[in-house]
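Engineer: Going line by line, the protein sequences match chains A, B and C. The first sequence begins at 35 in the working numbering and counts up one residue at a time. The second sequence begins at 35 in the working numbering and counts up one residue at a time. The third sequence begins at 35 in the working numbering and counts up one residue at a time. Ideal placement from N, C-alpha and C gives every residue a C-beta, glycine not left out.
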Amino acid sequence: MKQTGRLTRARKKSTQGLVALLTDFGDSDHYAATLKGVILSINPRARIIDISHNVSPQNIQQAGYLLWASYQYFPDGTVFVCVIDPGVGSERKIICVQTDRHAFIAPDNGLLDMVVFQENIRRSYEIVHPPRFSSRPISPTFHGRDIFAPLAGVLSLGKSMGQFGKLYDLKKPSSMFYDSEKGTTTARILHIDRFGNLITNIPELYYGHCTIEVGRTKISTRIRNYAEAPKNQSCIIVGSNGLIEIVLKEGSAAGMLGANMGTPITVSLGDQSPNF
Amino acid sequence: MKQTGRLTRARKKSTQGLVALLTDFGDSDHYAATLKGVILSINPRARIIDISHNVSPQNIQQAGYLLWASYQYFPDGTVFVCVIDPGVGSERKIICVQTDRHAFIAPDNGLLDMVVFQENIRRSYEIVHPPRFSSRPISPTFHGRDIFAPLAGVLSLGKSMGQFGKLYDLKKPSSMFYDSEKGTTTARILHIDRFGNLITNIPELYYGHCTIEVGRTKISTRIRNYAEAPKNQSCIIVGSNGLIEIVLKEGSAAGMLGANMGTPITVSLGDQSPNF
Amino acid sequence: MKQTGRLTRARKKSTQGLVALLTDFGDSDHYAATLKGVILSINPRARIIDISHNVSPQNIQQAGYLLWASYQYFPDGTVFVCVIDPGVGSERKIICVQTDRHAFIAPDNGLLDMVVFQENIRRSYEIVHPPRFSSRPISPTFHGRDIFAPLAGVLSLGKSMGQFGKLYDLKKPSSMFYDSEKGTTTARILHIDRFGNLITNIPELYYGHCTIEVGRTKISTRIRNYAEAPKNQSCIIVGSNGLIEIVLKEGSAAGMLGANMGTPITVSLGDQSPNF
């Protein structure tokens, strides 16, 4: 399609107050709504968007992927609140990270690794003096309501995160994606989506010359879109975030391959050099 | 109940910026949220309502029903974005339709048929110059993010759809609902809702004198509300959108009848004439 | 954690227009979206938050718990719309309740019991002259769209509920929670959440000296947070709303114990006196 000129992003000022939530609270309980109530009690003008509340319970890697795949499409100034937090109530830290465009609140459990790997981190803090909303003690099982949400509320008002924490030395991961040369990061499944597509951590530069083995099945058919896919055959495609996906036209690749998020995958490279 | 005077709808001006989303993206992935991020990046004042993201994967007929059942209750000026799109990345068209009160964006795959059948269509376009949000190429697997959402963002700002497309000759379907006289449209199940109610394409005018066969079960008990329904017996009721539904009090008619969306249904008419 | 001073809630004025929805409509149908369309057609500035639409079909007790667990975290002036309504279309009443901080609309089926038990009720009405949005007759199966939503819309505009109903003598329940002395209320499961935690109606004052039997399993291990829980063993914890929960670290207590919402539970008290 022909393209018209690119749209300019709205200025930061006008998007102030946007809060995006990512949790494993599910859609049946009141937990996510309670966070929203707290945020709106603090900042009545806050606008709250759900990334997902259906992260598999305590699946930090999947949450990290969903955040990474979506955050860059949000307006400048968005505050991301990520509560996948198996360590709630223990001594695990809660961190707050300011990048060039966004703010992130999450447990210090690796959830932010992909974002931190990709972004320029301006400041990061360990939260030690969280703002309080309720006069009751902080619940040891629901920091989302008692720490994350009040913090998101005040950040969405434009307040600085510095007053709630102390500077924290956040390590940038040395690698996140499969790399055949360095060999430090193995290929793996980051997420299986609703359609049964397997999203891998293999960058698109391998698209032209890799064979991927999932369980006992070798996959080497490459497609560019679903229309050109053969039926009943899992294929390799470049997904919408630049990572290689294993997909099945009009069906679930995960189902056909018997794959789940823990299924190991291996990459064989042909003799073509990567198309850097 | 006694009724007070009817409420006047708010004027169009004040509802400008409302975007309603209907997709098969599910609630577990980031896809719907990414659309919202793009829309809000373009129009920070946009207000986004989810119709549903749980349309059965690629079930165009079900999506068409859900849209039809809800759109008329939305404020004037609402932009409806419908992404159930098995043909994504192929040569299928994306269309944009302006009715007297609303705008609709959808693939040209029949999803809008029920709306087009019912509404006065002012203008319709094939999208050929979509507004661009990102500097990256359009993903062949995620037009929702790269075409539908940017277009929804600019339309929600009040911009005209004409600049993004060329006029398109949209055919009004000759019939959508069961009609015993014309015989052109057979009876079928449009949707099965959460409660297991079977929503058919049979208009309420047949309510008083029809027997409906679902699989091997004949249903002829008519009820006006759930309170008067016998237990353990599927019944015929006029649903809230004027279509006949098969329902089971405190249970799932679909479960009891072993019905799914593909189950054929047949209508037998008594000797009463329809109450036109 | 050290605590800074408590945040002040935003003034009522600025949160006017907030509507919170709790239904058993599920996430796959258009029902909840249709309510939103109606509310926004009446009050274009309304802001709508979903508590949950995944209450188990017609499970009034579960809905009552979810409302009770979340409402107090919402801003002053929030209008709560609760549509778990097995009696829709029958002679059951729709009531509207004004507390010191919030307004509630619900069928008169016990859904509001926990809120009414806890709050100071200023006024309550039976709705007899509901505001009308559509010119069509009220559907006997979808009062959510035709009565609850129009009423929520006008209340969110700041209108008084008195003009739509007649004063109603709402009984405050004499007890809602387990009480070993009065013996009027037995212990039971109010809700099972996404993680398989069993939320009981047993107040935290029994935490220090009770043993709870679920089915054939006695549970007496007490934990304060998940980190200190032994593996593979259901434990007693004080939940985030001050009620005792049965939980399993990194697993589902409901699954391990084979419990569902109807499973009876019994409480044995030790010789310690309650720590009032």
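By the criterion of Cβ-Cβ separation under 8 Å, what are the contact partners of glutamine 92 of chain B in chain A?
Structural biologist: Numbered from its first residue, the second sequence carries residue 92 of chain B at position 58. Simply Glu284.
Engineer: Does the beta carbon of threonine 251 of chain A sit closer than 9 Å to a beta carbon anywhere in chain B?
Structural biologist: For the purposes of this step, residue 251 of chain A is taken as residue 217 along the first sequence, with counting starting at 1. Cβ-Cβ to chain B under 9 Å: no for threonine 251 of chain A.
Engineer: On the three-state DSSP scale, how would you describe aspartate 180 of chain C?
Structural biologist: Your numbering for residue 180 of chain C matches position 146 in the third sequence. Three-state DSSP puts aspartate 180 of chain C in a helix.
Engineer: Under a three-way DSSP split, which group does aspartate 147 of chain C fall into?
Structural biologist: Translated into positions along the third sequence, residue 147 of chain C becomes position 113. Reduced to three states, the DSSP call for aspartate 147 of chain C is helix.
Engineer: Give me the Cα-Cα distance between lysine 265 of chain C and threonine 175 of chain A, rounded to the nearest whole angstrom.
Structural biologist: Within the third sequence, the letter at position 231 stands for residue 265 of chain C. Within the first sequence, the letter at position 141 stands for residue 175 of chain A. Looking at the two C-alpha atoms, the distance is approximately 17 Å.
Engineer: Measure how close the beta-carbons of aspartate 9 of chain B and serine 302 of chain A come, nearest whole angstrom, since I'm counting them as under 8 Å.
Structural biologist: The question about residue 9 of chain B has no answer, for chain B in this structure spans 35 to 310.
Engineer: Roughly how many angstroms separate the alpha carbons of phenylalanine 180 of chain A and valine 115 of chain A, rounded to a whole number?
Structural biologist: Stepping through the first sequence from its first residue, residue 180 of chain A is reached at position 146. Stepping through the first sequence from its first residue, residue 115 of chain A is reached at position 81. First, the residue type needs correcting, since residue 180 of chain A is aspartate and not phenylalanine in the sequence shown. Distance between the alpha carbons of aspartate 180 of chain A and valine 115 of chain A: 13 Å.
Engineer: Below 8 Å on the Cβ atoms is my contact criterion, and I expect cysteine 130 of chain C with serine 158 of chain C to pass it. Report the Cβ-Cβ distance as a whole number of Å.
Structural biologist: Within the third sequence, the letter at position 96 stands for residue 130 of chain C. Within the third sequence, the letter at position 124 stands for residue 158 of chain C. That pair is a contact at about 7 Å.
Engineer: Suppose the cutoff is 6 Å on Cβ atoms and the five residues either side in sequence are ignored; what does the same chain contact list for lysine 36 of chain B look like?
Structural biologist: Counting from one through the second sequence, the residue named residue 36 of chain B turns up at place 2. Residue placement at lysine 36 of chain B is poorly supported in this model, since its pLDDT is 42, which falls under 50; the coordinates are not used for a value here.
Engineer: To be precise: take each residue of the stretch 239-272 of chain C, compare its Cβ to all Cβ atoms of chain A, and keep it if any distance is under 7 Å. Which residues remain?
Structural biologist: If the cut-off is 7 Å between Cβ atoms, the stretch 239-272 of chain C has Arg258, Asn259, Tyr260, Ala261 and Ile271 near chain A.
Engineer: From B/Leu55, B/Val149, B/Arg250 and B/His177, pick the residue whose C-alpha is nearest to that of proline 207 of chain B; which is it?
Structural biologist: Counting from one through the second sequence, the residue named residue 207 of chain B turns up at place 173. Answer by Cα proximity: B/Val149.
Engineer: So is threonine 38 of chain A in contact with chain C if we call contact Cβ pairs under 9 Å?
Structural biologist: The residue you call residue 38 of chain A lines up with position 4 of the first sequence. Low confidence applies here, because threonine 38 of chain A scores a pLDDT of 43, under 50, leaving its location unreliable; read the following figure in that light. With 9 Å as the cut-off, threonine 38 of chain A does not count as an interface residue toward chain C.
Engineer: Would you mind working out which of C/Gly187, C/His163 and C/Thr255 sits nearest cysteine 244 of chain C, comparing C-alpha positions?
Structural biologist: Position 210 of the third sequence, counted from the first residue, corresponds to residue 244 of chain C. Per the Cα distances, C/Thr255.
Engineer: What first and last residue would you give for the beta strand (DSSP E) that runs through glutamine 132 of chain C?
Structural biologist: Within the third sequence, the letter at position 98 stands for residue 132 of chain C. Run containing glutamine 132 of chain C: 128-133, per the beta strand (DSSP E) assignment.
Engineer: Counting Cβ pairs closer than 8 Å, one from the stretch 67-87 of chain C and one from the stretch 212-222 of chain B, do we hit at least three?
Structural biologist: As far as the Cβ criterion goes, the stretch 67-87 of chain C does not touch the stretch 212-222 of chain B, which means the pair count is below three.
Engineer: In chain order, what residues of the same chain have a beta carbon less than 6 Å from the beta carbon of leucine 191 of chain A, not counting five sequence neighbours either side?
Structural biologist: Position 157 of the first sequence, counted from the first residue, corresponds to residue 191 of chain A. Excluding residues within five positions, the ones whose Cβ falls inside 6 Å are Asn77.
Engineer: Could you please give the first and the last residue of the uninterrupted alpha helix (DSSP H) stretch that includes alanine 103 of chain B?
Structural biologist: The count along the second sequence starts at 1 and reaches residue 103 of chain B at position 69. Per DSSP, alanine 103 of chain B belongs to the alpha helix (DSSP H) from 94-105.
Engineer: What does the Cβ neighbour count give for histidine 163 of chain A, buried or exposed, with the cut at 16 atoms within 10 Å?
Structural biologist: As a working mapping, residue 163 of chain A is identified with position 129 in the first sequence. By the 10 Å Cβ count, histidine 163 of chain A comes out exposed.
Engineer: Given a cut-off of 9 Å, decide if isoleucine 172 of chain A and valine 248 of chain A are closer than it, judged by their beta-carbon atoms.
Structural biologist: Along the first sequence, read from residue 1 onward, the residue named residue 248 of chain A stands at position 214. Along the first sequence, read from residue 1 onward, the residue named residue 172 of chain A stands at position 138. Going by C-beta atoms, valine 248 of chain A is not nearer than 9 Å to isoleucine 172 of chain A.
Engineer: Going along the stretch 83-115 of chain C in order, which residues come within less than 7 Å of chain A, judged by CB to CB distance?
Structural biologist: Of all residues in the stretch 83-115 of chain C, Ile83, Asp84, Ile85, Ser86, Asn88, Leu100, Ala103, Ser104, Tyr107, Phe108 and Pro109 have a Cβ within less than 7 Å of some Cβ in chain A.
Engineer: Would you kindly check if the distance between the Cβ of leucine 69 of chain C and the Cβ of alanine 183 of chain C is under 9 Å?
Structural biologist: Working through the third sequence from its first residue, we reach residue 183 of chain C at position 149. Working through the third sequence from its first residue, we reach residue 69 of chain C at position 35. The answer is yes: Cβ separation under 9 Å.
Engineer: By Cβ distance below 6 Å, which residues in the same chain neighbour asparagine 143 of chain C in space, the five residues on each side in sequence not counted?
Structural biologist: Sequence index remark: in the third sequence, residue 143 of chain C carries index 109 (1-based). Ile94.
Engineer: Determine, for leucine 74 of chain B, whether the minimum Cβ-Cβ distance to residues of chain C falls below 9 Å.
Structural biologist: Taking the second sequence and counting its residues from 1, the one referred to as residue 74 of chain B is at position 40. By this cut-off, leucine 74 of chain B is not an interface position.
Engineer: How long is the line joining the alpha carbons of arginine 45 of chain B and alanine 137 of chain A, rounded to whole angstroms?
Structural biologist: Position 11 of the second sequence, counted from the first residue, corresponds to residue 45 of chain B. Position 103 of the first sequence, counted from the first residue, corresponds to residue 137 of chain A. At arginine 45 of chain B, the pLDDT of 48 sits below 50, so the modelled position is not reliable; the number obtained from the coordinates is stated separately. If you take the alpha carbons of arginine 45 of chain B and alanine 137 of chain A, they lie about 37 Å apart.
Engineer: Beta carbon of glutamine 96 of chain C, beta carbon of methionine 295 of chain C: below 9 Å?
Structural biologist: As a first step, residue 96 of chain C is located in the third sequence; it is residue number 62 there, counting from the start. As a first step, residue 295 of chain C is located in the third sequence; it is residue number 261 there, counting from the start. Going by C-beta atoms, glutamine 96 of chain C is nearer than 9 Å to methionine 295 of chain C.
Engineer: Give a yes or no on whether the C-beta atoms belonging to alanine 140 of chain B and isoleucine 155 of chain B are separated by under 9 Å.
Structural biologist: Here residue 140 of chain B is taken as the residue at index 106 of the second sequence, counted from 1. Here residue 155 of chain B is taken as the residue at index 121 of the second sequence, counted from 1. No, Cβ-Cβ distance for alanine 140 of chain B and isoleucine 155 of chain B is not below 9 Å.
Engineer: Leaving aside the five residues before and after leucine 189 of chain C along the sequence, list all residues of the same chain whose C-beta is less than 7 Å from its C-beta, in chain order.
Structural biologist: Here residue 189 of chain C refers to the residue found at position 155 of the third sequence. Answer for leucine 189 of chain C: Val113, Ala137 and Met195, listed in chain order.
Engineer: So what does DSSP say about glutamate 160 of chain B, is it helix, strand or coil?
Structural biologist: By 1-based counting over the second sequence, the position of residue 160 of chain B is 126. Three-state DSSP puts glutamate 160 of chain B in a strand.
Engineer: Within its chain, find whatever has a CB closer than 6 Å to the CB of glycine 285 of chain A; leave out the 5 residues flanking it on each side and keep chain order.
Structural biologist: Here the question's residue 285 of chain A lines up with position 251 in the first sequence. Excluding residues within five positions, none has a Cβ falling inside 6 Å.
Engineer: How many angstroms separate the CA atom of aspartate 110 of chain B from the CA atom of phenylalanine 167 of chain C?
Structural biologist: The count along the second sequence starts at 1 and reaches residue 110 of chain B at position 76. The count along the third sequence starts at 1 and reaches residue 167 of chain C at position 133. Taking the straight line from one Cα to the other gives about 14 Å.
Engineer: Give a yes or no on whether 9 Å exceeds the smallest Cβ distance from lysine 70 of chain A to chain C.
Structural biologist: Taking the first residue of the first sequence as 1, we reach residue 70 of chain A at position 36. It does: the Cβ of lysine 70 of chain A has a partner Cβ on chain C nearer than 9 Å.
Engineer: Classify methionine 290 of chain A as helix, strand or coil using the three-state DSSP reduction.
Structural biologist: Within the first sequence, the letter at position 256 stands for residue 290 of chain A. Helix, per DSSP.
Engineer: Pull up the distance between the alpha-carbon of glycine 273 of chain A and that of proline 165 of chain C, whole angstroms please.
Structural biologist: One-based indexing of the first sequence puts residue 273 of chain A at position 239. One-based indexing of the third sequence puts residue 165 of chain C at position 131. Their Cα atoms are separated by approximately 49 Å.
Engineer: Are the C-beta atoms of aspartate 227 of chain C and some chain B residue less than 9 Å apart?
Structural biologist: Here residue 227 of chain C corresponds to residue number 193 of the third sequence, with the count starting at 1. No, because no Cβ of chain B sits closer than 9 Å to the Cβ of aspartate 227 of chain C.
Engineer: Determine whether the Cβ of valine 117 of chain B lies closer than 9 Å to any Cβ atom of chain A.
Structural biologist: Taking the second sequence and counting its residues from 1, one reaches residue 117 of chain B at position 83. Not one chain A Cβ lies under 9 Å of valine 117 of chain B.
Engineer: Could you tell me which chain B residues have their CB closer than 9 Å to the CB of serine 190 of chain A, listed as they occur along the chain?
Structural biologist: In the first sequence, residue 190 of chain A corresponds to position 156, counting from 1. Within 9 Å Cβ-Cβ: nothing; serine 190 of chain A doesn't reach chain B, min ~13 Å.
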